[in-house]
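Q: If you use this note's numbering, the sequence shown corresponds to residues 8 to 99, in order. The structure follows.
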Amino acid sequence: MYVWIGLIGGSTLIGFLSAMLIKKSWSIYVAGAVPWFILLAALIYTEYFSGWEKGGLGNWLLAQFLGGTIAAAIGVVSCQLTRNLFRKDNIL
């Protein structure tokens, strides 16, 4: 449960920061790619470099496929919503 909170919250934060800090049109790609690669790095570290005693092939590929896709989508949506919210012609 806490993993999903961290994944969704982190992806939202990355999407928000990429929209606020990168004022180019490619910030949406950064908002999608960074959470995906962070999750990939965390899964590879957990699978290969941590002292996990059970061994064997885990389901990290499935976790990356599902969780990475969800993280990237949330980052992109967060970036787009932040852009739309803080437009110059908007009230805010």
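Ideal placement from N, C-alpha and C gives every residue a C-beta, glycine not left out.
#1: For a quick check, are the C-beta atoms of S32 and G82 less than 7 Å apart?
#2: Which residue's Cα is closest to the Cα of C86: Y36, L46, W67?
#3: Using DSSP with H/G/I as helix, E/B as strand and the rest coil, what is N91?
#4: Can you tell me whether I45 is helix, strand or coil according to DSSP?
#5: Among D96, G39, A78, N66, whose alpha-carbon lies nearest the alpha-carbon of I51?
#6: Classify M27 as helix, strand or coil using the three-state DSSP reduction.
A: Answer, in terms of the structure:
#1: With a cutoff of 7 Å on beta-carbon distance, S32 and G82 are scored as not near each other.
#2: The option with the nearest alpha carbon to C86 is Y36.
#3: If DSSP states are grouped into helix, strand and coil, N91 belongs with the helices.
#4: Here I45 sits in helix by DSSP.
#5: Among D96, G39, A78, N66, the Cα nearest to that of I51 belongs to N66.
#6: In this structure, M27 counts as helix in the three-state DSSP scheme.
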